[in-house]
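*Asks:* If you read the sequence shown in my numbering, its first letter stands for residue 11, the second for the next number, and so on.
Each residue gets a CB set at the ideal place from its N, CA and C atoms; glycine is no exception.
Please read these numbers as outputs of a predicted model, since none were measured by experiment.
Okay, handing you the structure first.
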Amino acid sequence: MYRKEQLKSYPRMTVQKSLWNVFRQKLIKVIGQFLRRNNHYREANLYQKKLYQPVEETTITALKVSGIIPPHLNGLLLRIGSNPIYTPQPTLFEWYLGDGMIHALKLQQGQAVCYQSTMIATDRVQRLKQKPLIQGFRRGAHDVVNTNIFQHAGKLWAVIEAGAFPICLNDQLQAERYQLFNSDADLPFTAHPRKDPKTGHLHAISYDALDGKNAYYQVIDEKGTLIHVTQILLQHGPMIHDCLITEQEVLVFDFPLTFSTKRLFHGASVPYQWNKQHQARIGILPKYGNADQIQWINLEPCFVFHAANAFRDQDNRIILDVIVHQDDFEHSQHAAYELQNAKLERWIIGPDMQMLKRSVLDSRIQEFPKIDERFTGSPYRYLYTLGFAQAGLFNCLYIHDLEMKTSVTYDFGAQWAIGEVTFVADVLDIEEHQHSPEGHGYLMAYLHHIDGEVAKAVILKVKGLDIQRQADIDLGVHIPLGFHCNWVGIQP
Ligand SMILES: [Fe+2]
């Protein structure tokens, strides 16, 4: 359990540091543009056309709905992704570093009230829009925030990994400031913190691309206060995109996709490379613990972008369900999924924490795992992933029943690319706030048209493996394929 005195000193952000960071971002940008003129990794850049075509900010109130929107789904279906506001050299555009845009569909009392898209107010975006810069200090190698968005401590937070501060927004999507939640820390953050449903605390493993020797385990409490930090020593600057928690531990991913100076000088915008010298390993760290308590377990080379869940089973083993890539960034700067053969695996760590056993649960290509988040860190049964019904695009949903070792597929059709799904539990009794069993509720997602035509949001009613189409909401405009999606409940 967390004890207040555990929070030791940590680096504080200052005006001087922030000014230096702004200068360094400009320097990195100029050097990057020079290096990318000879980009060895330049690929056919599809990331500004059709499915990925950037859009203008918009608000649409007259939305056509097919089906019935459940009246207790009150809130925002939030999607975030890359949407470059201005690209002087389109062939050199890097999708992962495009300006962030938020897409928000507001549902209220059975109505689709509006769809709104808003650029994330980084300094670059505000200057291009000739708007005032937002408050807060700056950090990180790039002035980009585009990867995930969620609610915490009464605010929305748009985040990216590798160094930049999160951007805080109100529920009208107006950006307020850059900040590491309500702290004064000069620390990076991650795109994938894990919220403990029992405490409301966010647990995060964060790294800075400009510091290859350290990662940080941070805990942010339910009020947004940084209550715990410990510094984890690493080698080679590994990319750490996600983490997992159980009821007792946080699990640290240290895999062999590491910072590459060679790739940097060859013009790669995201200079990470498969590193055969780097030992793949999982760190097991007690929640609120310090780095010297980590127990590391080695495993054969692989990479995990996104993990589903972890828990201790009845035999006190640690179970991790993860999407495993074999050799990321080896074939493509953009981690082309069709070349990765990313598959669903279950990893089991014995009670002595000495051995990790891998088994493949599903060998079909899949990614973007989501669960009923009431079960984060606990034994669970249902897992939702996106599959490749058609080569090159995620256009089907898999629901895995991990207990019965079976799954079902829901195909959205060849013209649709499905974005990440988000699960919302059904309400059995609204007055009593009684919620449904695991896996009984609604899956929501954005559907992106592959030729750049009008996008949709879809609501599926799910009950275990049973899927019914509940409602389609025509959003009136094209929405480019993005990164992550979450539901934020807001009482009317
Ligand atoms: Fe991600």
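Within a Cβ cutoff of 7 Å, which residues of the same chain sit near THR256, ignoring the five residues on either side of it in sequence?
*Replies:* Against the sequence shown, residue 256 aligns to sequence position 246. Here the set comprises ALA320, PHE321, ARG322, ILE328, GLY387.
*Asks:* For ligand 1, which residues count as neighbours when the test is a C-beta closer than 7 Å to any heavy atom?
*Replies:* Environment of ligand 1, chain-ordered: THR157, ASN158, ALA201, HIS202, HIS251, ASP252, PHE315, HIS316, PHE493, HIS494, taking every residue with Cβ within less than 7 Å of a heavy atom.
*Asks:* Can you list, in chain order, the residues of its chain whose CB lies under 8 Å from that of ASN326, leaving out five sequence neighbours each side?
*Replies:* Your numbering for residue 326 matches position 316 in the sequence shown. Taken in chain order, the residues that qualify are PRO361.
*Asks:* Just the Cα atoms here: how many angstroms apart are ILE469 and GLU377?
*Replies:* One-based indexing of the sequence shown puts residue 469 at position 459. One-based indexing of the sequence shown puts residue 377 at position 367. Rounded to the nearest angstrom, the two C-alpha atoms are 20 Å apart.
*Asks:* Using the C-alpha atoms, what's the distance from ALA225 back to ILE304?
*Replies:* Position 294 of the sequence shown holds residue 304. Position 215 of the sequence shown holds residue 225. Within the model, the alpha-carbon separation for ILE304 versus ALA225 is close to 13 Å.
*Asks:* Ligand 2 heavy atoms versus the CB of ILE79: any closer than 8 Å?
*Replies:* Summarising the ligand content, the structure contains ligand 1 and does not contain ligand 2.
*Asks:* What residues in its chain sit with their C-beta under 6 Å from that of PRO203, if we drop five residues either side in the sequence?
*Replies:* The residue labelled residue 203 in the question sits at position 193 within the sequence shown. If we look at PRO203 and ignore the five residues flanking it on each side, its Cβ neighbours are LEU212, ALA214.
*Asks:* Between ASP153 and VAL169, what straight-line distance do the alpha-carbon atoms span, to the nearest angstrom?
*Replies:* On the sequence shown, position 143 is the one that residue 153 refers to. On the sequence shown, position 159 is the one that residue 169 refers to. Whole-angstrom Cα-Cα distance: 12 Å.
*Asks:* Is the Cβ-Cβ distance between ASP484 and SER127 less than 9 Å?
*Replies:* Working through the sequence shown from its first residue, we reach residue 484 at position 474. Working through the sequence shown from its first residue, we reach residue 127 at position 117. Result no, Cβ atoms of ASP484 and SER127 do not sit closer than 9 Å.
*Asks:* In its own chain, which residues sit with a C-beta less than 6 Å from the C-beta of THR416, not counting the 5 before and 5 after it?
*Replies:* Residue 416 sits at position 406 when you count from the first residue of the sequence shown. Closer than 6 Å at Cβ, skipping near neighbours: no residue.
*Asks:* Helix, strand or coil: which one does DSSP assign to LEU45?
*Replies:* Taking the first residue of the sequence shown as 1, we reach residue 45 at position 35. Residue state, collapsed to three classes: helix.
*Asks:* Please tell me whether GLY293 and TRP284 are closer than 9 Å, where the distance is taken between their beta carbons.
*Replies:* Translated into the one-based positions of the sequence shown, residue 293 becomes position 283. Translated into the one-based positions of the sequence shown, residue 284 becomes position 274. Result no, Cβ atoms of GLY293 and TRP284 do not sit closer than 9 Å.
*Asks:* What did DSSP end up calling GLU377 once you bin it into helix, strand or coil?
*Replies:* On the sequence shown, residue 377 is found 367 positions in, with the first residue counted as 1. Three-state DSSP puts GLU377 in a strand.
*Asks:* In its own chain, which residues sit with a C-beta less than 8 Å from the C-beta of GLN364, not counting the 5 before and 5 after it?
*Replies:* On the sequence shown, residue 364 is found 354 positions in, with the first residue counted as 1. Closer than 8 Å at the Cβ level, and outside the excluded window around GLN364, lie ILE307.
*Asks:* Quick one: Cα of GLY492 to Cα of TYR62, how far?
*Replies:* By 1-based counting over the sequence shown, the position of residue 492 is 482. By 1-based counting over the sequence shown, the position of residue 62 is 52. One C-alpha to the other measures close to 8 Å.
*Asks:* Roughly how far, in whole angstroms, is the beta-carbon of TYR420 from the beta-carbon of ILE489, given that I think they are within contact range, below 8 Å?
*Replies:* Taking the sequence shown and counting its residues from 1, one reaches residue 420 at position 410. Taking the sequence shown and counting its residues from 1, one reaches residue 489 at position 479. With 8 Å as the limit, TYR420 and ILE489 do not qualify as a contact, their Cβ atoms being about 20 Å apart.
*Asks:* Given a cut-off of 9 Å on the beta-carbon distance, is the pair LEU453 and PHE433 in contact?
*Replies:* On the sequence shown, position 443 is the one that residue 453 refers to. On the sequence shown, position 423 is the one that residue 433 refers to. It is a contact, given that the beta carbons lie within the stated cut-off.
*Asks:* First and last residue of the alpha helix (DSSP H) that includes LYS272?
*Replies:* For the purposes of this step, residue 272 is taken as residue 262 along the sequence shown, with counting starting at 1. LYS272 -> alpha helix (DSSP H) spans 271-275.
*Asks:* DSSP three-state call for ARG134: helix, strand or coil?
*Replies:* Start at 1 with the first residue of the sequence shown, and residue 134 comes out as number 124. Three-state DSSP puts ARG134 in a helix.
*Asks:* When the Cα of ILE460 is compared with those of ALA424, ALA481, LEU438, which residue comes out closest?
*Replies:* Taking the sequence shown and counting its residues from 1, the one referred to as residue 460 is at position 450. Nearest of ALA424, ALA481, LEU438 to ILE460, Cα basis: ALA424.
*Asks:* Quick one: complete alpha helix (DSSP H) runs, 4+ long, within the stretch 60-146?
*Replies:* List check, alpha helix (DSSP H) in window: 133-138.
*Asks:* Looking only at C-alpha atoms, which of LEU107, CYS124, GLN119 sits nearest to VAL135?
*Replies:* Stepping through the sequence shown from its first residue, residue 135 is reached at position 125. Measuring from the Cα of VAL135, the nearest candidate turns out to be LEU107.
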